[in-house]
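Report on the structure given below.
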Amino acid sequence: MKIYISADMEGISGVAANMQLKKESEYQRFRRLMTADVNAAIKGAFAGGATEVVVCDGHGNMSNILIEELDPRAQLISGNNRVMCQMEGIDDSFAGVFFVGYHGREGGSERGVINHTLSGQCCRDSHQWAACR
Ligand SMILES: [Zn+2]
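What the sequence shown shows, in the numbering used here, is residues 56 to 188, in sequence order.
Here it is, written out as structure tokens:
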């Protein structure tokens, strides 16, 4: 059973503000926490019967997960030269998808952390919304 894990960063354990994810701030700390959250999902997937796990790093430059700390049983898709963005490599061979570290949609959940939809820069203004779909 193949499991696909798409990981974002805004919903990772401990993230409470966008400034924490800026390179000059606590970014390195949250890379480590992101990798730990993804490792927990990988562990759960294998405990639940997965035979193969593919992880897609889906935040910012899409090179956040620390490969040297990633569970070696998983394959990692890293880097931003992609066609399918946060779902690069997905196909019908996967039995399920986990979303780790995701955030609420723009204008959606009032209890969400760093709510936005895809590129917040693109979707924040409603007049640009049509360009994001
Ligand atoms: Zn993100």
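Note that beta-carbon positions come from the ideal geometry of N, C-alpha and C, so glycine has one too.
Delimiting residues of the alpha helix (DSSP H) encompassing D92: Sequence index remark: in the sequence shown, residue 92 carries index 37 (1-based). It spans 82-102 - the alpha helix (DSSP H) in which D92 sits, taken as one unbroken run.
Proximity winner among A96, V110, G156, relative to I145 (alpha-carbon distances): On the sequence shown, position 90 is the one that residue 145 refers to. Of the listed residues, the one whose Cα sits closest to I145 is V110.
Cβ-based neighbour list, G159, same chain, cut-off 7 Å, excluding 5 preceding and 5 following: The sequence position of residue 159 within the sequence shown is 104, counting from 1. Result list for G159: G167, N170, in chain order.
Separation of A96 from V155, as counted between CA atoms: On the sequence shown, residue 155 is found 100 positions in, with the first residue counted as 1. On the sequence shown, residue 96 is found 41 positions in, with the first residue counted as 1. Their Cα atoms are separated by approximately 8 Å.
On the three-state DSSP scale, how would you describe E161? Position 106 of the sequence shown, counted from the start, is the residue given in the question as residue 161. Of the three classes helix, strand and coil, the one that applies to E161 here is coil, per DSSP.
Same chain, Cβ closer than 7 Å to G66, five either side skipped, listed in chain order: Position 11 of the sequence shown, counted from the first residue, corresponds to residue 66. Counting only Cβ-Cβ distances below 7 Å, and skipping sequence neighbours, we find G156, Y157, H158, V168.
How about R87 and L121: do their beta carbons lie closer than 8 Å? As a working mapping, residue 87 is identified with position 32 in the sequence shown. As a working mapping, residue 121 is identified with position 66 in the sequence shown. R87 is a Cβ neighbour of L121, given a cutoff of 8 Å.
Return helix, strand or coil for R188, following the three-state DSSP convention. Residue 188 sits at position 133 when you count from the first residue of the sequence shown. No answer about R188 holds up, because its pLDDT of 39 lies below 50 and its placement is not dependable.
Ligand 1 heavy atom lying under 7 Å from the CB of E65: Along the sequence shown, read from residue 1 onward, the residue named residue 65 stands at position 10. Answer for E65: yes, Cβ within range of ligand 1.
Compute the distance between the beta-carbons of K57 and S133, then report whether it is under 8 Å. As a first step, residue 57 is located in the sequence shown; it is residue number 2 there, counting from the start. As a first step, residue 133 is located in the sequence shown; it is residue number 78 there, counting from the start. Taking 8 Å as the Cβ cut-off, K57 and S133 do not qualify as a contacting pair.
Let me know if M117 comes out buried or exposed under the rule of 16 or more other beta-carbons within 10 Å of its beta-carbon. Looking up residue 117 in the sequence shown gives position 62. Classification of M117: buried, given that the 10 Å Cβ count is 16 or more.
From F101 to A72, what does the alpha carbon distance come to, in whole angstroms? By 1-based counting over the sequence shown, the position of residue 101 is 46. By 1-based counting over the sequence shown, the position of residue 72 is 17. Taking the straight line joining both Cα atoms gives about 32 Å.
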